[in-house]
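Take any residue in the sequence shown, note its place counting from 1, add 26, and you have its number in my numbering. Cβ atoms here follow ideal geometry from the backbone N, Cα and C, with glycine treated the same way.
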Amino acid sequence: MRVFGLTGNIGSGKSTVAAMLREAGIPVLDADRISREVTAPGGRAYDAVVQSFGGGIVRDDGSIDRKRLGEIVFADPSLRARLEAITHPAILEGMKDAVAGIEREGHRAAVVEATLIHESGRKGLFEAVISVTCDRETAIFRLAARDGMSRRETEARLRAQMDADRKADASDFVIDNSGEIESTRRQVVALAKVLLG
């Protein structure tokens with residue numbers, strides 16, 4: 027089975043493209059969902075995360091307060107690196123298990139949706155990487171509309187990520203999601219034919 031990566035910065039429309047790929051018959055795994063599973067109580071990384079960051083990140087129901095943990099690790103790059111060292115191997119194992127399940131179902135191709143493919147040096151895990159892009163103003167508008175962020179907040183989030191043009195240049199396929207939804211759909215339908223090749 028062929029396995030591809032799907033990446034793009036916040037506000038680019040990765041989730042929209044992922045939904046279109048699913049409509050075209052290609053299963054898409056969400057790395058964020060797997061991350062939530064491995065850090066849930068009983069998950070592969072739960073105990074190590076709690077031991078490393080303390081009980082202050084645990085809610086009354088035993089789940090990890092992801093917002094609180096995010097505030098801690100995004101304030102200190104060394105703590106973020108520590109969290110990634112704990113969670114990334116568990117996420118990778120979870121992805122491998124999920125991909126194996128999709129292959130057993132008889133699919134010819136699968137896509138893994140993950141923001142940090144290039145940043146984490148994971149491009150080699152995939153046959154090819156697809157980058158979803160859009161112009162900066164469109165991304166800012168989408169984030170403000172979706173998450174209620176101010177322009178200053180959205181720009182800070184975008185600055186914290188790898189430059190979108192560099193991400194696109196490092197990818198094998200690029201979907202431009204700046205325009206009308208039907209333009210994006212045409213690009214995705216054409217790409218799906220290549221991926222299922």
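task: Keeping to the same chain, check which residues put their C-beta closer than 8 Å to that of F152; ignore five residues upstream and five downstream.
output: V29, F30, G31, V138 and I143
query: Which residue spans inside the region 63 to 101 form an unbroken alpha helix (DSSP H) run of at least 4?
result: 72 to 79 and 92 to 100
message: Would you call the region 157 to 166 in contact with the region 33 to 50, where contact means no fewer than 3 C-beta pairs closer than 8 Å?
response: Yes, the region 157 to 166 is in contact with the region 33 to 50.
Contact check, L222 vs I90, beta carbons under 8 Å: no
message: Does the contact criterion of 3 or more C-beta pairs under 8 Å hold for the region 69 to 87 versus the region 107 to 121?
response: yes
- prompt: Can you name, in chain order, every residue of its own chain whose Cβ lies under 6 Å from the Cβ of R134, other than the five neighbours on each side?
  reply: L222
query: E63 to A124, Cα distance in whole Å?
result: So the alpha carbons of these two residues sit roughly 12 Å apart.
field: Distance CB(A136)-CB(M46) smaller than 8 Å
entry: no
message: Taking its Cβ as the centre, do 16 or more other Cβ atoms sit within 10 Å of S61, making it buried, or is it exposed?
response: So S61 ends up on the buried side.
task: Classify I143 as helix, strand or coil using the three-state DSSP reduction.
output: Here I143 sits in coil by DSSP.
query: Near R211, which residues of its chain fall below 8 Å by C-beta distance, leaving aside the five closest residues on each side in sequence?
result: Cβ contact annotation for R211 (same chain, cutoff 8 Å, sequence separation greater than five): M46, in chain order.
- request: Taking all protein chains shown into account, decide if R185 is buried (16 or more other Cβ within 10 angstroms of its Cβ) or exposed.
  value: exposed
- request: Enumerate in chain order the residues of its own chain whose CB-to-CB distance from A111 is below 6 Å, with the five nearest sequence positions on each side excluded.
  value: Here the set comprises nothing.
query: Roughly how many whole angstroms lie between the Cα atoms of R177 and K122?
result: 38 Å
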